[in-house]
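Just so we're aligned, residue 573 is where the sequence shown starts under this note's numbering, counting upward by one.
What follows is a short report on a single structure.
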Amino acid sequence: MNLLKDIFLVRLLRVATEWSYRKVLKTFLKFSGAAISPANVDDRLVLNWRRHVISVEGLTKTTWNNKLTHMIALFNFAIEEGYIRQLKIPLMERLHGQMLSERKP
């Protein structure tokens, strides 16, 4: 995965952070299919992934938000560096933090 190698080269990340990026991408590709193109990542796929992470895997909303944060960073880097020709990240930025702010006081 050249994208991961390049992001790790450009950004000085802790080893644990690099591990986390790899894990999030691996779990997303397992859910969506390893051959998926970034151009095919759309709102519906992100929403279905969110449902899967929270409802099927039983992970917390905080964990979902963490996964989404990593995916946003990867998409932003891919756009900035010309890996993909997209102007926006599908739904991700709108969802980021939304679930945590929906908690009842």
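Glycine included, each C-beta is placed from N, C-alpha and C at the ideal position.
All of these numbers come straight from a predicted model, not from anything done at the bench.
Proximal residues to residue i (C-beta, below 7 Å), its chain only, five neighbours per side dropped
i, result
"R594", "L576"
"I656", "P610, A611, A650"
"S592", "H642"
"I626", "K633, W636"
"A607", "none"
Cβ-based neighbour list, residue i, same chain, cut-off 6 Å, excluding 5 preceding and 5 following
i, result
"F649", "I579"
"V596", "K639, H642"
"L584", "none"
Supposed close pair residue i, residue j - CB separation, criterion 8 Å
i, j, result
"S604", "L617", "6 Å"
Residue i vs residue j beta-carbon contact at 9 Å
i, j, result
"F600", "W621", "yes"
"E653", "V582", "yes"
Own chain residues within Cβ distance below 8 Å of residue i, not counting five before or after
i, result
"H624", "F603"
"K598", "none"
Original post:
How about the segment 580-592 and the segment 624-634: do they share at least three Cβ pairs that are nearer than 8 Å?
Top reply: no
**OP:** Go through the segment 600-660 residue by residue and report every complete run of the alpha helix (DSSP H) that reaches 4 residues or more, in order.
**Re:** 615-623, 633-652
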